[in-house]
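Residue numbers for the sequence shown follow my numbering, so the first one is 23 and each next one is one higher.
To start, the structure under review is shown below, and the notes come after it.
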Amino acid sequence: MSQPASSGNPLFPVFLKLDEILTVVVGGGNVGLEKLEALLKNDPNARVRLVAPEIRDEIKKLADLSPNIELIERKFEYQDLEDAGIAILATDNPELHKEIREWSKERHLLLNVADTPHLCDFYLGSTVKKGNLKIGISTNGQSPTFAKRLREILEESLPDETDQLLEKLKLFRDKLKGDFQDKVKKLNELTSTLVKK
């Protein structure tokens, strides 16, 4: 069976349970703060270990608010990646990033390196969140600014009642009888008004 030709963005979107896996952030400056804030915006209970010789006060304040954030204020050591599911490198040291990249490849650790796409296994896209609805936006690195603007548009256009709608749809779905196809048909009929112009 032949595979279809790929065009456009080949990235596979995944939503991670950040409270169940350990994310290691290497870097305690502005970029480290930005990455930590992104993790916590998506899951305030994210398990994070942040390592850096100097850690900004804003990062320390965030750590004070969460028992799931571990700060290690010293130079990075390879054992800092122990038990990690993913790592995010946010330093101004490209040589360190390359070394950690080689080490992580050997151990099958997924890596994101800030502003260095060719070293990344995954990218951190923009996300829109309305209660239980979460939409990930990726431009495949072409324009993070466009992803940010699209996020802003979606956040403004999705009604605040979106989460209540999802809760009601779940209750309806839980009460449906019949096989999978019958349930899908009924849910499609119920939600068809959401996309009518």
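Virtual Cβ for every residue (Gly too), placed ideally from N, Cα, C.
Just so we're clear, the structure is a prediction, and the values are computed from it rather than from any experiment.
Option nearest residue i by Cα separation, candidates the options
i: Glu178; options: Phe98, Lys151, Tyr100; result: Lys151
i: Leu58; options: Asn90, Ile81, Gln203; result: Ile81
i: Leu154; options: Leu146, Thr184, Thr138, Gly200; result: Note that residue 154 is Asn in the sequence shown, not Leu. Considering only alpha carbons, the answer is Thr184.
i: His140; options: Glu99, Phe194, His119, Val47; result: His119
i: Cys142; options: Lys39, Arg123, Gly158; result: Arg123
i: Glu174; options: Ser165, Leu191, Ser160, Thr149; result: Thr149
Supposed close pair residue i, residue j - CB separation, criterion 8 angstroms
i: Ser88; j: Ala109; result: Going by Cβ atoms, the distance from Ser88 to Ala109 rounds to 19 angstroms, so no, they are not a contact pair.
i: Val47; j: Leu103; result: So it is not a contact: roughly 11 angstroms between Cβ atoms.
i: Lys41; j: Asn67; result: What sits at residue 41 in the sequence shown is Asp, not Lys. Between Asn67 and Asp41 the Cβ distance is about 4 angstroms, and since that is below 8 angstroms, they are a contact.
Residue i - partner residues in DSSP beta bridges
i: Val36; result: Per DSSP, none; premise fails for Val36.
i: Glu95; result: Ala74
i: Phe44; result: According to the sequence provided, residue 44 is Leu. The question's Phe does not apply to it. Leu44 is bridged to Arg69, Ala106.
Helix, strand or coil at residue i [DSSP, three-state]
i: Ile77; result: coil
i: Val217; result: coil
i: Asn52; result: helix
i: Asn210; result: helix
i: Asn64; result: helix
is_contact[residue i, chain B] using C-beta, thresh 7 angstroms
i: Val36; result: This model lacks chain B altogether, as it is built from one protein chain only.
Within the stretch 100-187, note down every full alpha helix (DSSP H) run reaching 4 residues or more, in order along the chain.
116-128, 166-179
Which runs of the alpha helix (DSSP H), 4 residues or longer, sit entirely within the stretch 184-208?
184-197
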